[in-house]
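Residue 1002 is where the sequence shown ends in our numbering, and the numbering goes up by one at each step.
Accompanying notes for the structure given below.
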Amino acid sequence: LLTTKEERRIRMDNRTEKVPKYVRILFPILVTLLAGIIAPVSVALIGMLMFGNLIRESGVLNKLSNAAQNELSNIITLFLGIAIGSTMTASAFLNQRTLLILLMGLVAFILDTMGGILFAKTFNLFRKQKINPMIGAAGISAFPMSARVVHRMGLEEDPNNFLIMYATGANVAGQIGSVLAGSIVLALFL
813 LLTTKEERRI RMDNRTEKVP KYVRILFPIL VTLLAGIIAP VSVALIGMLM
863 FGNLIRESGV LNKLSNAAQN ELSNIITLFL GIAIGSTMTA SAFLNQRTLL
913 ILLMGLVAFI LDTMGGILFA KTFNLFRKQK INPMIGAAGI SAFPMSARVV
963 HRMGLEEDPN NFLIMYATGA NVAGQIGSVL AGSIVLALFL
């Protein structure tokens, strides 16, 4: 609704640049430090996310990295689902407060998607090389689905328009930003 066919067909420059290893190792450390300064409550979540990146990028702990990315991730997801599911009864879940939270989350996703698209369109007013505005829609914390949806929509408009790398980058940034924003809200109201 917010983009034209021409805007959805904007091709992004698909050059791949090799990121030096020291940058890939410093990134998780610096993000954790910066998150701790901005919102100390976020360090537990951001720290674990960045620790996983550090393990993978260091190349020293390959077996642990593979286990964390595959088996351990699946086991933790299963246990988390069981733990939360076992405490949820219909009377506790289906009430006015829960439905209001779900509605607020839906509105937040819609506004975040619209804001990302409109920000990219505004940014394009000042750039010579245009950005596909759909990349802004990937800046939400629904990882990795929003990046895949943006990429698929780009392919529907132009079968040779590969947006997945840019959309994933915006998606990860949205994830980190959501954790920081949530931590700031927690720090302010708790």
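No residue lacks a Cβ here, since even glycine has one placed at the ideal position from N, Cα and C.
Here the structure is a predicted model, which is why all the values come from computation and not from measurement.
- Put simply, of Ala979, Pro945 and Gly994 the residue whose alpha carbon is nearest the alpha carbon of Lys817 is Pro945.
- In the three-state DSSP reduction, Ser953 falls in the coil class, being neither helix nor strand.
- With a cut-off of 8 Å on Cβ pairs, the stretch 951-968 is not in contact with the stretch 842-852, counting fewer than three such pairs.
- Contact between the stretch 906-913 and the stretch 884-897 is absent, with fewer than three C-beta pairs closer than 8 Å.
- The straight-line gap separating the alpha-carbon atoms of Met916 and Val962 is approximately 23 Å.
- Residue burial is scored here from C-beta neighbours: Tyr834 has fewer than 16 other C-beta atoms within 10 angstroms and is therefore classed as exposed.
- Here the C-alpha atom of Leu1002 lies approximately 37 Å from the C-alpha atom of Asn878.
- Of the residues assessed, Asn972 falls on the exposed side of the cut-off, its CB having fewer than 16 other CB atoms within 10 angstroms.
- In the DSSP annotation of this structure, Asn882 is not part of any alpha helix (DSSP H), being labelled neither H nor E.
- Val991 carries a helical assignment under DSSP once its states are collapsed to helix, strand and coil.
- Straight through space, the alpha carbons of Ala949 and Leu861 are spaced by roughly 23 Å.
- Judged by DSSP in its simplified three-state form, Asp825 adopts coil rather than helix or strand.
- Rounded to the nearest whole angstrom, the C-alpha separation of Ser885 and Ser995 is 23 Å.
- Of the residues assessed, Gln987 falls on the buried side of the cut-off, its CB having 16 or more other CB atoms within 10 angstroms.
- Look at the stretch 929-984 and you find these whole runs of alpha helix (DSSP H), each 4 residues long or longer: 946-949 and 957-969.
- Assignment of Thr815 by DSSP, reduced to helix, strand and coil, places it in the coil class.
- Inclusion of Ile943 and Ala932 in the CB contact set at 7 Å is warranted, their separation being smaller than that value.
- DSSP places Gly848 inside the alpha helix (DSSP H), whose first and last residues are Lys833 to Ile850.
- Between the stretch 973-985 and the stretch 847-855, the count of C-beta pairs closer than 8 Å stays below three; the two stretches do not touch.
- Sequence-distant Cβ neighbours of Arg836 in its own chain, meaning closer than 7 Å and more than five residues away, are Glu869.
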